[in-house]
Amino acid sequence: MSTITAPSETSLFLEPVATERARRRVEELMADFRTGTWRPTRLEGRVAEVLLASTAGDGMLTPRRIRAALWEGNIALTHENDGRFAQLLADLVPVLDDPQLTALDIVDAAGELVGAVASTAVAVAA
519 MSTITAPSET
529 SLFLEPVATE
539 RARRRVEELM
549 ADFRTGTWRP
559 TRLEGRVAEV
569 LLASTAGDGM
579 LTPRRIRAAL
589 WEGNIALTHE
599 NDGRFAQLLA
609 DLVPVLDDPQ
619 LTALDIVDAA
629 GELVGAVAST
639 AVAVAA
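Just add 518 to wherever you are in the sequence shown, counting from 1, and you've got our numbering.
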């Protein structure tokens with residue numbers, strides 16, 4: 519766990535750097551997705567589909583499921599769109615691994631983003 523903390527824009531309390539970094543990446547990528555500044559590639563959409571399918575039973579993003587999705591994307595995922603989606607997923611792993619770092623708003627926002635990215639893969643395939 520990171521002992522260094524950073525201020526959160528949504529709170530008066532300091533939060534661990536890993537949590538703040540994950541929050542920032544989710545917010546930035548979702549904003550860019552909504553404005554069309556960032557468009558998921560086919561590979562990113564496929565990885566999001568795999569991740570979304572793995573959560574079908576309980577709706578939970580877990581470190582194990584994220585690692586499996588990253589494995590599916592292999593090294594190519596780190597190069598697609600400057601690796602932003604891969605980096606976001608990688609930043610979620612330590613946050614989800616440690617209950618003291620986990621913030622439900624980040625997990626919910628990340629789940630929303632994964633669902634949105636997965637929906638682009640369906641649209642491309644159709």
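Where a beta carbon is used, it is the ideal one built from N, C-alpha and C, also for glycine.
Inter-stretch contact (C-beta, 8 Å, three-pair minimum) for the segment 568-578 and the segment 541-557 | no
Would you say Gly563 and Val635 are within 8 Å of each other, going by their C-beta atoms?
-> yes
Euclidean distance between Cα positions of Glu598 and Arg585 = 17 Å
Among residues of its own chain, excluding the 5 on either side of Arg541, which ones have a beta-carbon nearer than 6 Å to its beta-carbon?
-> Ile624
Apart from the five residues just before and just after Ala621, which ones in its own chain have a Cβ nearer than 6 Å to its Cβ?
-> Thr537
For Pro612, which of helix, strand or coil comes out of DSSP?
-> helix
How about Leu595 and Ala604: are their beta carbons less than 8 Å apart?
-> yes
Three-state secondary structure assigned by DSSP to Met519 = The pLDDT assigned to Met519 is 42, lower than 50, so where the model puts this residue is not dependable, and the model offers no usable value.
Rounded separation between Glu567 and Thr559 - CA only | 12 Å
Whole-number beta carbon distance between Leu607 and Ala587, since they are thought to touch under 8 Å = 7 Å
For the alpha helix (DSSP H) holding Val556, just list the boundary residues, first then last.
-> Residue identity check: residue 556 is Trp in the sequence provided, not Val. Trp556 -> no alpha helix (DSSP H), and no H or E assigned at all.
Of the residues Asp600, Ser572, Ala639 and Ala571, which one's Cα is nearest the Cα of Thr555?
-> Asp600
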